[in-house]
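Colleague: Before I ask anything, here is the structure I am working with.
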Amino acid sequence: MSLATAERASSTPRRRPHGVAEARSLLDREILGQATIGSLKKLDPRVQVKNPVMFVVLVGTVVTLVESISHPTLFDWSITAWLFLTVLFANFAEAMAEGRGKAQADTLRQMRSETEARRLLANGTEQRVPASQLAKGDLVVCETTDLIPSDGEIVEGIASVDESAITGESAPVIRESGGDRSAVTGGTRVLSDRIVVRITAERGHTFMDRMIGLVEGASRQKTPNEVALTILLAALTLIFLPVVVALQPFGHYSGATVSVVVLISLLVCLIPTTIGALLSAIGIAGMDRLVQRNVLAMSGRAVEAAGDTQTLLLDKTGTITLGNRMASAFLPVGGRTEEELAAAAQLASLADETPEGRSVVVLAKERFNIRERALGEHDFVPFTAVTRMSGIDYDGRKIRKGAADSVKKWVQEQGGHVPPDLDPLVERISRSGSTPLAVADGPSVLGVIELKDVVKEGIRERFAEMRTLGIRTVMITGDNPLTAAAIAQEAGVDDFLAEATPENKLELIKSEQGGGKLVAMTGDGTNDAPALAQADVGVAMNTGTTAAKEAGNMVDLDSNPTKLLEIVEIGKQLLITRGALTTFSIANDVAKYFAIIPALFAAEYPQLNALNIMKLHSPSSAVLSAVIFNALVIIALIPLALRGVKFRPMNAAQILRRNVFIYGLGGIVVPFIFIKLIDLFLTAVGWY
């Protein structure tokens, strides 16, 4: 397969799985089976104690089991069974989240273990070895259909590479020795030609290894916010514990018989078991969603920081603009027509394979339907740094396109004159931040092509969404302030830093952090490393330098600078999901008060019947219905915990109102409905 063929193929999407980051269905049988086994393994008290809330439920289950054995009743055995299921469901939620990551890790591990490398020896011969035996500095040969065995740098050759196994991007990319396209990642496949790769990763420290470590959910460390919430849940549990214990002597004093099983049921229903059961799954799933976007996070702290980010620093080129200046207008001078200028500019650009040159051809076609034509005798004049022009000698005409000063000098050498309106036009275009390219046909200047940075479609709306979330966007560019201001206004960013240097970037980040803000930025060069290290969220490009990737706390395998916006949204979705389910869990307790408290003491204190608004059938039915709901709601919320609450651009006040209305009010209403339905079912089947 030739490079030309590969480049043409890049324009035709191929159906492929979205790399290792492809999300698997929540109902995947393999994951469900592994999660079921995992939920039983997690009953180990040494594992369970890491979740204080569910550890209390486990201890309570053991106590009710002992009571059920000592004084066997259907009620006691039913409570014991549902408390046990509550613990299992909590373990199942965490195991499901881990299982999705482990399935991805197994695929990666298999890919790594099965890869064979062709190591190049000093005498020029090749030696076939497993990829796991390669050391940093080894040279390996890769040809068509070969898997690249490890991370490295091309030192010889050029090839088309399929990176879909890692990035999920179906279009092949060109990788070649030298420059910024020499880096290759282990696990990608060569589609054409032959390359020699120098291994740059230590054993066990490749991107593949880091991805395996990341998606192995079991090895994930809790983030600071998660630890803080766990402590809060443990504190709430400790508060409820003495309150529930005190009900035993109170019941004895009032003449009510309150069994240990009922007290444990009350405790389990009143402590925040729902969020306690789902908290770990929410965190693991948040990391998993980041992997699905082909981003490696070095820590969960970075994901949370992304959710709390208040300032985004974004490079102009490739993030806000398309990355190359494009032809936007044909501006004739000296009485020439726009169509005459466009026709000459198109001829001068036919051999220009740069994005700018191709954009001239496209613009001429769009404006005047000028298409590429069959040329007779002609000579293309390539661009050189000396002449700063390119063009074509065709049919007795000499057409040139290039820097205004160079074209003016060339026209004068041809015996022509420069129109008086050329210089003011060139100056106006330059002041606006665009690039002027003059076009001449022999001794006559026809006009100017205006090249300008093209702001990406939809980027202004994305920045508006960020503003709604209270996030300030700052464009970083090396352009002069005038050009930067024009692009910033068109893109809709809040501020810009022009003529940016590494020192400027670092100073800006420190200034924002000094004001108490969290800062996120992207970068790919060694000169970005200090700023990436200083930023709270530093996203390095996979195609960037080693220094940049080591300095950041995230690596984007797609090397797409706009991914920063998605990373922030994923971080916010994680925090919003955690807040929403915490609100729902605490609100649940209200309905359980109304279900259990009247059931315990209404016989001795008839006034409490006023609280029995659900009109539950009996005290035993009320307690069991509340316990069953407490267990089933965990299973019902697992899909929401894994997928996350749908993200909508809103400010903090709107998010709070939404949480209170949907998850707060819903957390109160839903238990009333379902506890009553469970009570009706238990009564209908004659259990109580």
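Residue numbers for the sequence shown follow our numbering, so the first one is 77 and each next one is one higher. Every residue, glycine too, gets a C-beta built ideally from N, C-alpha and C.
#1: Pick out whichever of P225, A361 and V613 has its Cα sitting closest to the Cα of G766.
#2: Leaving out the 5 sequence neighbours to the left and right, which residues in its chain are closer than 6 Å to T395 when beta-carbon positions are compared?
#3: On the three-state DSSP scale, how would you describe L196?
#4: Just the Cα atoms here: how many angstroms apart are P695 and Q610?
#5: Using a 10 Å radius around the Cβ and a threshold of 16 neighbouring Cβ atoms, would you call V96 buried or exposed?
#6: Just the C-alpha distance for I744 and T349, rounded to the nearest angstrom, thanks.
#7: Closer than 7 Å, CB to CB, is Q324 near chain D or not?
#8: For P318, count neighbouring C-beta atoms within 10 Å of its own C-beta (all shown protein chains included) and say buried if the count is 16 or more, exposed if not.
#9: Any contact of the stretch 531-544 with the stretch 557-576, i.e. 3+ C-beta pairs under 8 Å?
#10: Take the Cβ of E302 as the centre, count every other Cβ of all protein chains shown within 10 Å, and call the residue buried at 16 or more, exposed below.
#11: Can you tell me the Cα-Cα spacing of G244 and R476, whole angstroms?
#12: Identify which residue in P519, I505, D455 and S510 has its Cα closest to the Cα of K484.
#13: Taking the continuous beta strand (DSSP E) assigned at F737, which residues delimit it?
#14: How long is the line joining the alpha carbons of E252 and V438, rounded to whole angstroms?
#15: Can you give the beta carbon distance from V133 to L159, rounded, assuming they're within the 8 Å contact cut?
#16: With a cut-off of 8 Å on the beta carbons, I'd call I646 and R369 a contact; round off their distance for me.
#17: Alpha carbon to alpha carbon, how far is T602 from D634? Give it in angstroms, no decimals.
#18: Which class does A97 belong to by DSSP, given the choice of helix, strand or coil?
#19: May I have the straight-line CA-CA distance separating F316 from G352, to the nearest angstrom?
#20: Within a Cβ cutoff of 7 Å, which residues of the same chain sit near A607, ignoring the five residues on either side of it in sequence?
#21: Please give me, in chain order, every unbroken run of the alpha helix (DSSP H) with length at least 4 that falls completely inside the stretch 299-364.
#22: Starting from F572, follow the beta strand (DSSP E) in both directions and report where the run begins and ends.
#23: Inspect the beta-carbon positions of S144 and V699 and report whether they are closer than 7 Å.
#24: For V356, which residues from the same chain have a beta carbon less than 6 Å from its beta carbon, with the 5 sequence-adjacent residues on both sides left out?
#25: Spell out the partners DSSP gives H493 in its beta bridges.
#26: Just curious, the alpha helix (DSSP H) that F705 is in, first and last residue?
#27: Pull up the DSSP beta-bridge partners for E229, would you.
#28: Runs of 3 residues minimum, wholly inside the stretch 606-684: which ones carry the beta strand (DSSP E) assignment?
#29: Could you check which residue in T220, I563, R719 and P496 has the C-alpha nearest to that of R270?
#30: Under three-state DSSP, which class holds E239?
#31: Can you confirm whether the stretch 193-206 touches the stretch 735-753 when touching is taken to mean that 3 or more C-beta pairs between the two stretches lie within less than 8 Å?
#32: Can you list the beta strand (DSSP E) stretches of 3 or more residues lying completely in the stretch 408-487, in chain order?
#33: Consult DSSP for F748 and reduce its assignment to one of helix, strand or coil.
#34: Quick check: what's the CA-CA separation for E432 versus E533?
#35: Is G383 closer than 7 Å to K648 when the C-beta atoms are compared?
#36: In terms of residue numbering, what span does the alpha helix (DSSP H) encompassing L692 cover?
Modeller: According to the structure data:
#1: Residue 766 falls outside the range modelled here, since the chain spans only 77 to 764, and no answer is possible.
#2: P637 and T638
#3: strand
#4: 60 Å
#5: Note that V96 scores a pLDDT of 38, beneath 50, so its modelled location is shaky; the value from the coordinates is reported in the next line. V96 is buried by the Cβ-count criterion.
#6: 15 Å
#7: Of the protein chains in this structure there is only one, and it is not chain D.
#8: exposed
#9: yes
#10: buried
#11: At G244, the pLDDT of 47 sits below 50, so the modelled position is not reliable and the matter cannot be decided from this model.
#12: P519
#13: No beta strand (DSSP E) contains F737, which DSSP labels as neither H nor E.
#14: 28 Å
#15: 6 Å
#16: 7 Å
#17: 19 Å
#18: Because A97 carries a pLDDT of 38, less than 50, the predicted location of this residue cannot be relied on, and no value is offered for it.
#19: 15 Å
#20: P578, K581, L582, I585, M597 and G599
#21: 300-330 and 336-346
#22: D571 to L573
#23: no
#24: Going by the sequence as given, residue 356 is Ser instead of Val. Correct list, in chain order: E170.
#25: S520
#26: P695 to R719
#27: A259 and R274
#28: 613-617 and 630-632
#29: T220
#30: coil
#31: no
#32: 454-457, 465-470 and 473-478
#33: helix
#34: 18 Å
#35: yes
#36: First-last for L692: undefined, no H or E at that position.
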